[in-house]
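Have a look at the structure below, then the notes.
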Amino acid sequence: MAQIKPRVKAPKSVAAGEVFTVKTLINHDMETGQRKDKNGDKIPRQIINMFEVTFNGKPVMSAKLEPSISANPYIEFEMSIQEAGDLAMTWRDDDGSVYEASNAIAIG
Amino acid sequence: MNLSRRNILAIGGAAVTVSLIPVDFAMATPEAAAEALNAFTGGAAVTDGGIDLVAPEIAENGNTVPISVSAPGAVAILVLSEGNPSPGVATFTFGEGAAGTAATRIRLAGTQNVLAVAKMADGSFVRAARAVKVTIGGCGG
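Note that the protein sequences, when read in sequence, are chains A and B. Residue numbering for the first sequence is 25 to 132, as defined by the numbering used here. Residue numbering for the second sequence is 14 to 154, as defined by the numbering used here.
As structure tokens, this is what we get:
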């Protein structure tokens with residue numbers, strides 16, 4: 025698999041209390057464990073099973089993902105903030121890998 | 014090897030037959046989805062309304078079906094499928110500052126109902142369901 029790299033689209037600055045949208049995408053096969061290879065052997069499951077978002081260390085949202093999520097999982101959510109800070113996102117892979125991204129968001 | 018047109022047609026026909034044999038994994042049923050729903054709610058009553066589930070009426074490709082759920086004031090939203098190999102799709106939990114809205118892309122193995130159940134801040138549960146027609150299933154096989 026190509027190198028796994030998360031992409032995040034979030035505003036650089038928002039008004040306090042304004043609801044804004046954050047869009048995230050990470051390239052990952054999300055192998056379901058249902059498919060079989062050429063020899064008829066099952067391809068073992070390997071998916072991103074957890075997605076977590078924190079703002080200044082406080083949890084904003086998390087998503088427990090199942091094999092029914094499409095390849096290259098796209099997750100979009102809405103939130104609002106009262107103070108400037110750091111929006112940090114974590115993706116957890118079945119194989120134990122952790123992928124991270126963070127965005128600074130200012131008030132203004 | 015010298016293949017006649019007739020031979021080629023015969024081989025093609027055999028290949029089609031093989032690919033039509035159903036795959037032998039257990040598919041989730043509405044019952045399995047109901048069980049997963051019960052595990053989430055703990056048997057509490059679930060009412061309709063108060064949650065929006067947006068999904069296409071017809072999805073051409075079951076590999077990526079865009080859905081979005083929105084339930085202002087929800088602490089968690091569970092998304093279930095009635096016809097995938099396993100009923101669970103995703104569970105969103107919301108904390109401080111989250112608007113109770115999420116969107117993602119899901120796989121659907123075939124035409125089926127998609128359910129969304131939200132746990133509200135006061136402990137009540139609300140649900141919404143959408144039927145999605147799938148032209149090409151998204152579970153390999």
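Ideal Cβ positions, reconstructed from N, Cα and C, are used throughout, including at glycine.
Does any residue of chain A have a CB that is nearer than 9 Å to the CB of residue i?
i, result
"B:Pro69", "no"
"B:Pro43", "no"
"B:Gly101", "yes"
"B:Ala58", "no"
"B:Phe38", "Interpretation of B:Phe38 is limited by its pLDDT of 47, a score under 50 that renders its predicted location unreliable; the figure taken from the coordinates is listed afterwards. B:Phe38 counts as touching chain A."
"B:Val178", "Nothing about residue 178 of chain B can be reported from this structure: the residues present for chain B run from 14 to 154 only."
"B:Phe138", "no"
"B:Thr77", "yes"
"B:Leu156", "The structure shown does not extend to residue 156 of chain B, since chain B is modelled only from 14 through 154, so no value can be given for it."
"B:Glu95", "no"
"B:Ile141", "Checking the sequence, you will find Ala at residue 141 of chain B rather than Ile. By this cut-off, B:Ala141 is not an interface position."
Taking Cβ positions only, does residue i come closer than 9 Å to chain B?
i, result
"A:Ile99", "yes"
"A:Pro30", "no"
"A:Pro91", "yes"
"A:Ile129", "no"
"A:Ser104", "yes"
"A:Ala95", "yes"
"A:Met113", "no"
I'd like the span of the beta strand (DSSP E) that includes residue i, first residue to last.
i, result
"B:Thr114", "111-119"
"A:Glu124", "122-131"
"A:Glu55", "Element bounds for A:Glu55: n/a, residue is neither H nor E."
"A:Asn73", "72-79"
Just to check, is the beta-carbon of residue i closer than 8 Å to a non-hydrogen atom of the ligand MG?
i, result
"B:Gly86", "With respect to the ligand MG, the structure offers nothing, as it holds no ligand at all."
Would you mind reading off the limits of the alpha helix (DSSP H) that contains residue i?
i, result
"B:Ala103", "Taken as a continuous stretch (DSSP letters only), B:Ala103 belongs to no alpha helix (DSSP H), being part of the beta strand (DSSP E) at 101-107."
"B:Thr60", "It is not in any alpha helix (DSSP H) - B:Thr60 instead sits in the beta strand (DSSP E) that spans 59-61."
"A:Pro14", "Nothing in the structure corresponds to residue 14 of chain A, since chain A is present only between 25 and 132."
"B:Thr54", "43-54"
(request) Starting from the N-terminal side, write out each stretch of the beta strand (DSSP E) that is 3 residues or longer and does not extend beyond the segment 64-96 of chain B. (result) Scanning the segment 64-96 of chain B for uninterrupted beta strand (DSSP E) segments of 3 residues or longer gives 65-67, 71-74, 78-83, 87-94, listed from N- to C-terminal end.
(request) Return the chain-ordered ranges of every beta strand (DSSP E) run that is complete within the segment 83-108 of chain A and spans a minimum of 3 residues. (result) Residue ranges of uninterrupted beta strand (DSSP E) with 3 or more members, entirely inside the segment 83-108 of chain A and ordered along the chain, are 98-103.
(request) At 3 residues or longer, and completely inside the segment 119-151 of chain B: list those beta strand (DSSP E) runs for me, N to C. (result) Unbroken beta strand (DSSP E) stretches of 3 residues or longer found wholly inside the segment 119-151 of chain B: 125-133, 138-149, given in chain order.
(request) Could you say if the segment 104-113 of chain B and the segment 83-101 of chain A meet the contact criterion of at least three C-beta pairs nearer than 8 Å? (result) When Cβ pairs closer than 8 Å are counted between the two stretches, the segment 104-113 of chain B is seen to touch the segment 83-101 of chain A, the count reaching three or more.
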